[in-house]
Amino acid sequence: MKRYAPLFIFLTLAVLLAYGLSLTATHRAPVDPMVGKAFPELPLPVMGKEDAQFDLKALRGRRFLVSLFASWCEGCLAEHQLLLSLQQIGVAEIYGIAWKDKPKDTEAWLTKHGNPYHDVILDPEGQAAVLLGSTGVPETYLVEPTGIISAVYRGELTPEIIQTKFLPVLNGKQP
Amino acid sequence: MFYRLAALICLCVVGFASFPLAAQVTSIEQPLSDSSLEARAQALFPELRCEVCQGQSLADSNAALASDMRKIIREKISQGATDAEILSFFSERYGDAILMRPPLVPRTMLLWLAPFFLLAIGGILCLAAFTKHTAKA
Chain A
1 MKRYAPLFIF LTLAVLLAYG LSLTATHRAP VDPMVGKAFP ELPLPVMGKE DAQFDLKALR
61 GRRFLVSLFA SWCEGCLAEH QLLLSLQQIG VAEIYGIAWK DKPKDTEAWL TKHGNPYHDV
121 ILDPEGQAAV LLGSTGVPET YLVEPTGIIS AVYRGELTPE IIQTKFLPVL NGKQP
Chain B
176 MFYRLAALIC LCVVGFASFP LAAQVTSIEQ PLSDSSLEAR AQALFPELRC EVCQGQSLAD
236 SNAALASDMR KIIREKISQG ATDAEILSFF SERYGDAILM RPPLVPRTML LWLAPFFLLA
296 IGGILCLAAF TKHTAKA
């Protein structure tokens with residue numbers, strides 16, 4: 001019995017490790033807590049219409065993407081081209097939240113690099129993050145016509161992420 | 176040997192005693208004027224994890240996001256929210272992982288029970304080793 005102990009330990013480990021290797025990145029990542037929750041009301045102004053607040057209810061019935069970004073964020077610049085091409089394809093309207101960013105800087109940055117956003121919500125104090133369960137920028141949310149969040153990606157977007165996480169939902173399939 | 180042990184114990188005591196001091200740093204942010212409400216806020220900070228730090232709670236962290244979260248906690252307390260409501264406000268958005276004491280649910284069984292399980296294995300191994308030893312002697 002005792003002489004088989006090393007073999008037994010080896011086999012147990014081998015099975016566990018093989019199982020771990022077989023998991024893909026999407027399996028490993030737990031479902032984001034914000035998926036299935038309502039996109040929060042943000043009591044914040046919109047760029048160019050500073051006297052009015054962002055009106056979430058006006059977006060009912062439409063599917064839209066939200067990008068949490070900032071002009072000082074390098075990852076945001078890295079994914080910016082992708083957002084611009086998404087906007088050109090016209091899969092869904094994209095709304096930006098300029099997090100902890102001076103409105104002046106946001107505007108200059110968008111003028112310089114192009115503006116993929118239908119509207120930009122200004123959040124210089126950074127109030128949106130905790131409401132969205134966010135830890136920083138960039139982050140991307142897909143919101144259903146019902147106002148429910150159906151996909152979240154926290155980090156810099158890549159073509160693969162868009163393909164695996166957002167396009168299936170946008171095309172009506174489950175993620 | 177005795178002196179080393181004594182020094183180690185002293186270090187530990189000093190280390191633990193300085194913890195409340197670290198928590199006090201948060202009072203640089205605008206504390207609530209009602210001291211009993213502020214005490215509730217201070218009691219909640221160690222219950223929530225700083226999401227952008229390693230192993231720190233909101234009470235220990237100087238991160239901007241932790242400061243934002245402390246601000247929200249004070250705001251919610253002054254609006255009359257209960258402690259449970261505040262904790263669930265955060266766990267709904269960030270998941271149970273934000274709670275420094277995650278709840279005992281099927282998903283966290285391994286987390287909570289593994290130490291006892293490992294202790295039991297160690298105990299059995301010790302017992303086996305000791306009885307063998309005594310049997311020989």
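First to last, the protein sequences are chains A and B. Per the working numbering, the first sequence starts with residue 1, numbered consecutively. Per the working numbering, the second sequence starts with residue 176, numbered consecutively. Just so it is clear, CB atoms sit at the ideal spot from N, CA and C, and this is done for glycine as well. Please read these numbers as outputs of a predicted model, since none were measured by experiment.
Practice task
Closer than 9 Å, Cβ to Cβ, to anything on chain A: give me those residues from the region 223 to 242 of chain B, in chain order.
Solution key: Going along the region 223 to 242 of chain B in chain order, one finds 226, 227, 239 and 240 with a Cβ nearer than 9 Å to chain A.
Practice task
Taking residue 123 of chain A as the reference, give the member of A:137, A:142 and A:100 with the closest Cα.
Solution key: Residue 123 of chain A sits at position 123 when you count from the first residue of the first sequence. Selected option, being the one with the closest Cα: A:100.
Handout entry: Buried or exposed by the 16-neighbour rule on C-beta atoms within 10 Å, applied to residue 34 of chain A
Key = On the first sequence, position 34 is the one that residue 34 of chain A refers to. Around the beta carbon of residue 34 of chain A, a 10 Å sphere encloses 16 or more other beta carbons of the protein chains shown; the residue is thus reported as buried.
Practice task
Check the Cβ of residue 136 of chain A against every Cβ in chain B and list those closer than 8 Å, keeping chain order.
Solution key: Stepping through the first sequence from its first residue, residue 136 of chain A is reached at position 136. Near residue 136 of chain A (Cβ distances below 8 Å), the residues of chain B are 227 and 240.
Practice task
Give the secondary structure of residue 256 of chain B by DSSP, where H, G and I count as helix, E and B as strand, and everything else as coil.
Solution key: Within the second sequence, the letter at position 81 stands for residue 256 of chain B. Of the three classes helix, strand and coil, the one that applies to residue 256 of chain B here is coil, per DSSP.
Problem - Supposed contact pair residue 153 of chain A and residue 139 of chain A - C-beta distance, whole angstroms, cut 8 Å - result: If you number the first sequence from 1, residue 139 of chain A lands on position 139. If you number the first sequence from 1, residue 153 of chain A lands on position 153. At roughly 7 Å, the Cβ-Cβ gap stays under 8 Å, so residue 139 of chain A and residue 153 of chain A are in contact.
Exercise for the section: Indicate whether residue 137 of chain A and residue 76 of chain A have their beta-carbon atoms separated by less than 8 Å. Expected result: Along the first sequence, read from residue 1 onward, the residue named residue 137 of chain A stands at position 137. Along the first sequence, read from residue 1 onward, the residue named residue 76 of chain A stands at position 76. Yes, these two residues count as a Cβ contact at 8 Å.
Practice task
Could you tell me whether the Cβ atoms of residue 241 of chain B and residue 228 of chain B are closer together than 8 Å?
Solution key: As a position in the second sequence, residue 241 of chain B is number 66, starting the count at 1. As a position in the second sequence, residue 228 of chain B is number 53, starting the count at 1. Closer than 8 Å, so yes.
Practice task
Evaluate the contact criterion for the region 160 to 172 of chain A versus the region 51 to 58 of chain A: three or more CB pairs, one atom per stretch, below 8 Å.
Solution key: Taking a contact to require three or more Cβ pairs closer than 8 Å, the region 160 to 172 of chain A and the region 51 to 58 of chain A do not qualify as touching.
Handout entry: Start-end ranges of the beta strand (DSSP E) lying completely within the region 31 to 106 of chain A, minimum 3 residues
Key = Counting only runs of at least 3 residues, the region 31 to 106 of chain A fully encloses the following beta strand (DSSP E) elements, listed from N- to C-terminal order: 49 to 53, 64 to 69 and 93 to 99.
Handout entry: Those residues which DSSP pairs with residue 160 of chain A across a bridge
Key = Position 160 of the first sequence holds residue 160 of chain A. In the DSSP output, where bridge partners are listed per residue, residue 160 of chain A has none listed.
Problem - For residue 69 of chain A and residue 141 of chain A, believed in contact at Cβ under 8 Å, the rounded distance - result: As a first step, residue 141 of chain A must be located in the first sequence, where it is residue number 141. As a first step, residue 69 of chain A must be located in the first sequence, where it is residue number 69. About 12 Å; that fails the 8 Å criterion.
Exercise for the section: Pull out every residue of the region 113 to 139 of chain A whose Cβ sits closer than 9 Å to any Cβ of chain B, in chain order. Expected result: Cβ proximity to chain B below 9 Å picks out 125, 126, 127, 129, 130, 131, 132, 133, 134, 135 and 136 from the region 113 to 139 of chain A.
Practice task
State yes or no: is the beta carbon of residue 219 of chain B nearer than 8 Å to at least one beta carbon in chain A?
Solution key: Working through the second sequence from its first residue, we reach residue 219 of chain B at position 44. Residue 219 of chain B does not count as touching chain A.
Handout entry: Neighbour list for residue 43 of chain A in chain B, Cβ cutoff strictly below 9 Å
Key = For the purposes of this step, residue 43 of chain A is identified with residue 43 of the first sequence, where counting begins at 1. Ordered by position in chain B, no residue passes the 9 Å Cβ test against residue 43 of chain A, which lies about 13 Å from the chain.
Exercise for the section: Measure from the alpha carbon of residue 44 of chain A to the alpha carbon of each residue in A:127, A:21 and A:13, then state which is nearest. Expected result: Here residue 44 of chain A corresponds to residue number 44 of the first sequence, with the count starting at 1. Put simply, of A:127, A:21 and A:13 the residue whose alpha carbon is nearest the alpha carbon of residue 44 of chain A is A:127.
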